[in-house]
Amino acid sequence: MRGAVAVSANLDDIHVVQGADKLTLYQFNTGQAKHYFCSVCGIYTFHSRRSVPSQYGVNVACIAGLSPFDFDEVPVLEGRSHPKDRSDGGPMTAGRLSYRANTGDER
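Here's what the structure looks like:
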């Protein structure tokens with residue numbers, strides 16, 4: 261359960277410019293997707309996608325100038341079944357997370 265907001269990027273568009281020696285690879289189940297984590301702090305950084313092999317899913321918290329709070333609403337996939345394992349071929353959205361900035365009135 262990684263709990264990250266991930267965006268898509270083509271494989272050729274991602275270049276690790278610092279810290280590649282600190283990345284740890286994790287693969288599970290089919291072994292097709294490659295999930296990378298920082299071996300120092302443990303944060304999920306990016307993964308090659310089993311569902312779209314030409315893309316990475318990238319944790320927005322690892323992109324300079326972006327934050328998970330930059331998105332008003334984020335679809336959340338149910339995570340139990342992979343889109344390639346579903347008969348309809350698509351992801352199953354469990355719900356949506358939304359972010360509303362604190363106006364200062366809440367305590």
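Each position in the sequence shown, counted from 1, maps to that position plus 260 in the working numbering. For each residue, glycine too, the CB sits at the ideal point set by N, CA and C. None of these values were measured; they are calculated from a predicted model.
Counting along the chain, no beta strand (DSSP E) covers H275, and no H or E run does either. Cβ-Cβ distances below 7 Å link Q278 to nothing in the same chain once the five nearest sequence neighbours on each side are left out. Of the other Cβ atoms in all chains shown, 16 or more fall within 10 Å of the Cβ of A266; this residue is therefore buried. Taking each of S314, P335, G302 in turn and checking the Cα distance to L271, the smallest one comes out for S314. Restricting attention to T353, M352, V334, the CA atom closest to the CA of R360 is found in V334.
Nearest to Y296 by alpha-carbon distance, out of T290, G355, F288, T305, is T305. Taking the Cβ atoms as the reference, V318 lies roughly 7 Å from I274, within the contact range of under 8 Å. Secondary structure at P335: strand, using DSSP grouped into helix, strand and coil.
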